[in-house]
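In the numbering used here, the protein residues as written are -2 to 52.
Where is the CB? At the ideal position from N, CA and C, for every residue including glycine.
What you are looking at is a predicted structure, and each value in this text was computed from that prediction instead of being measured.
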Ligand SMILES: [Zn+2]
């Protein structure tokens, strides 16, 4: 059975996968995995592109 998590960014049901972020490992080498929906992914991508455009 496929896992259906919620988007960790907007908390909506993750209908379509955008991307996954991994946190830096903590002192126990545990990594937090964050799922983002396609909408939040597009938003992040737009922000990155804007940032690069300024430089
Ligand atoms: Zn989202």
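Please state if the CB of residue j and the CB of residue i are separated by a distance shorter than 9 Å.
| i | j | result |
| --- | --- | --- |
| residue 49 | residue 15 | no |
For a test of your reading of the model: does the CB of residue i fall under 8 Å from any non-hydrogen atom of ligand 1? Yes or no.
| i | result |
| --- | --- |
| residue 48 | no |
Expressed to the nearest angstrom, what Euclidean distance is found between the alpha-carbon atoms of residue i and residue j?
| i | j | result |
| --- | --- | --- |
| residue 18 | residue 1 | 16 Å |
| residue 3 | residue 32 | 7 Å |
| residue 46 | residue 36 | 15 Å |
| residue 7 | residue 51 | 27 Å |
| residue 23 | residue 5 | 19 Å |
| residue 29 | residue 11 | 17 Å |
| residue 44 | residue 27 | 28 Å |
Have a look at the DSSP bridge pairing and note the partners of residue i.
| i | result |
| --- | --- |
| residue 34 | 14 |
| residue 3 | 10 |
Of the choices the options, whose alpha-carbon is the least far from that of residue i?
| i | options | result |
| --- | --- | --- |
| residue 13 | 42, 44, 34 and 51 | 34 |
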